[in-house]
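Below is one structure, written out as structure tokens, with a few remarks after it.
2 protein chains.
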Amino acid sequence: MEKKYVDYGSCAAGKPGTTKEITGARFNLSPMSDDFERIILNAIKQVDLSKVWAETDHISTVYRGREEAVFDALKAAYLLAYEKGTHMTLEATISKGCPGDRDSDYTLEFENPRINQKDTQAIDFPVIGKYALYPMGSDNYMATIAEVVNEGIDRGVVTGSGHYGTNLGGNVQDLFDYLEYVSHTVGKTVSHYIIQFTLHCNVPEGEIK
Amino acid sequence: MEKKYVDYGSCAAGKPGTTKEITGARFNLSPMSDDFERIILNAIKQVDLSKVWAETDHISTVYRGREEAVFDALKAAYLLAYEKGTHMTLEATISKGCPGDRDSDYTLEFENPRINQKDTQAIDFPVIGKYALYPMGSDNYMATIAEVVNEGIDRGVVTGSGHYGTNLGGNVQDLFDYLEYVSHTVGKTVSHYIIQFTLHCNVPEGEIK
């Protein structure tokens, strides 16, 4: 069988592969329950996907479209999967401007991008987690990271710095507002960036020994 | 209360914040089982941590040290948490050379870094997943990514490219060998890089509707 090698030869930093303003999210829900399959699939099915391009396979789910629409759908997937008492982790990659991206697999609806807001605005619960921001192709990336981390400290949702990430804590609605702010702020000055974050709800209490 | 803002002002691309060759991993195990707490804590406790610096809190676990020792401990955490039939996700960030890093919180033992190998070498199982590589502070990052992806195609562990990541599949031992190869190869030429990966075992079969 012939091997299909990749070649990103025409890609260059600062030149997004797509000419559109496509933001993407690739994520996993991990409900730590024997009933995980029902919880995941029920949530994924409930999300209104009319404002994003979406694909779910056995590895993860991808949403692509306008920034507001992608965050709206991603938040909906997590909030609609929430069950009282069930420990659940959301791991998500937000990405924009990748030189290897293409003008395909997207929806850019300009009307009412936050289509899931009405179904999710009343759902709120405490979470803890972490995120890391990777501004690509830039030498001055630490200053960009410091700016948005400090905004998180002002908002009270950044709870500390750990190795390889910044710690998050607060209500899930505030956390999603903050993460969307990070994406939006960085996107104004950085051509290609990635935000990697993890949120945990219903975290078991007590000391870890 | 006074807010403790961050300031990465003296950090610069290409100048790792630590003078040592410290590789780090920050990770989460998510066994999708009612018994998740026992599975996670039992595994974490079984890992021999004498060759890495380690810290577990409610958000994640961090290992820091020599590259071989960190990969050895990380692989052990996942393999020792494996239970037949239990769907489980490992999400991990591998990082090296961060300008914001410090010469603290590490162990650099030079004897026998793969201390867990004897307990994990007989454990193997199929996994699927994805990874992304972020070479920081470099304009030519897509070429670096292409090189290691193509090696994964040769090894048969890279199964395709998706949005925002490269798909992985194969036996878990081969996958860890490959991910360590990626880290080692990129580390030879890139001062600061991150590898973000996700592995799933015991994935439910059948179509996703």
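Just so you know, the protein sequences line up as chains A and B, in that order.
In terms of our numbering, the first sequence opens at residue 1 and continues consecutively.
In terms of our numbering, the second sequence opens at residue 1 and continues consecutively.
Cβ coordinates follow ideal geometry from the N, Cα and C atoms, glycine included.
Report the residue from A/T56, A/R155, A/C201 and A/H163 whose alpha carbon sits nearest the alpha carbon of A/D177. A/R155
Could you have a look at A/F125 and say whether DSSP puts it in helix, strand or coil? coil
Between A/Y82 and A/M88, what straight-line distance do the alpha-carbon atoms span, to the nearest angstrom? 8 Å
From A/G169 to A/L179, what distance separates their C-alpha atoms? 12 Å
If you measure beta-carbon to beta-carbon, which residues of the stretch 18–51 of chain B are closer than 7 Å to chain A? G24, R26, N28, S30, P31, M32, S33, D34, F36 and E37
Exposed unless 16 or more other CB atoms sit within 10 angstroms - verdict on B/E111: exposed
When you compare the CB of A/T185 with every CB in chain B, is at least one pair closer than 8 Å? no
A/Q117 CB to nearest chain B CB: under 8 Å? no
Cross-chain neighbours of B/E91 in chain A, by beta carbon under 7 Å: E91 and T198
So what's B/F197 in DSSP terms, helix, strand or just coil? strand
Hey, how far is the Cα of B/E205 from the Cα of A/R38? 14 Å
Against chain B: residues of the stretch 75–90 of chain A by CB proximity under 8 Å: H87 and T89
For B/F71 and A/H192, the rounded distance between their alpha carbons: 29 Å
Look up A/A81 in the DSSP assignment and say whether it is helix, strand or coil. coil
So, does the stretch 49–68 of chain B touch the stretch 134–146 of chain B, judging by three or more C-beta pairs under 8 Å? no
Please report the distance separating the alpha-carbon of A/E147 from that of A/T159. 15 Å
Could you tell me whether the Cβ of B/R64 comes closer than 8 Å to any Cβ of chain A? yes
Contact the stretch 23–39 of chain B vs the stretch 85–99 of chain B: 3+ CB pairs below 8 Å: yes
Going by the beta-carbon positions, is the gap between A/L108 and A/K188 smaller than 8 Å? no
Skipping 5 residues on each side, what residues in its chain have a beta carbon closer than 7 Å to that of B/S60? R26, F27 and N28
Mind listing which residues of the stretch 123–136 of chain A have their C-beta closer than 9 Å to chain B's C-betas, in chain order? I128, G129, K130, A132, Y134, P135 and M136
With distances taken from CA atoms, which of A/K3, A/V182, A/I22 and A/Y5 is nearest B/H163? A/I22
Got a sec? Which residues, its chain only, sit under 7 Å from B/R102 by beta carbon, not counting five neighbours each side? G17 and T18
Starting from B/N167, trace the beta strand (DSSP E) both ways and give me its first and last residue. G165 to N171
Flag this pair as yes or no: are the beta carbons of B/A43 and B/L74 separated by less than 8 Å? no
Contact list for B/G100 against chain A, beta-carbon separation under 7 Å: M142
Spatial neighbours of B/Q117 in its chain, beta-carbon cut-off 8 Å, leaving aside the 5 residues before and after: D72
Give the DSSP-derived three-state secondary structure of A/L212 in the structure shown. The displayed coordinates of chain A run from 1 to 209. Any statement about residue 212 of chain A would go beyond what the structure contains.
Distance, B/P126 Cα to B/G85 Cα: 12 Å
Are B/I128 and A/H58 touching if we call contact CB-CB under 8 Å? yes
So is B/K96 buried or exposed if we call it buried at 16+ other beta carbons inside 10 Å? buried
Assign A/A122 to one of two classes, buried (16 or more other C-beta atoms within 10 Å of its C-beta) or exposed (fewer than that). exposed
Are the C-beta atoms of A/S191 and some chain B residue less than 8 Å apart? no
Looking at the strands, I want to know which residues DSSP matches up with A/A25. A/Y63 and A/I94
Is any beta-carbon of chain B found at less than 8 Å from that of A/N150? yes
Alpha carbons only, please: which of A/K45, A/A77 and A/N150 is nearest the one belonging to B/K3? A/N150
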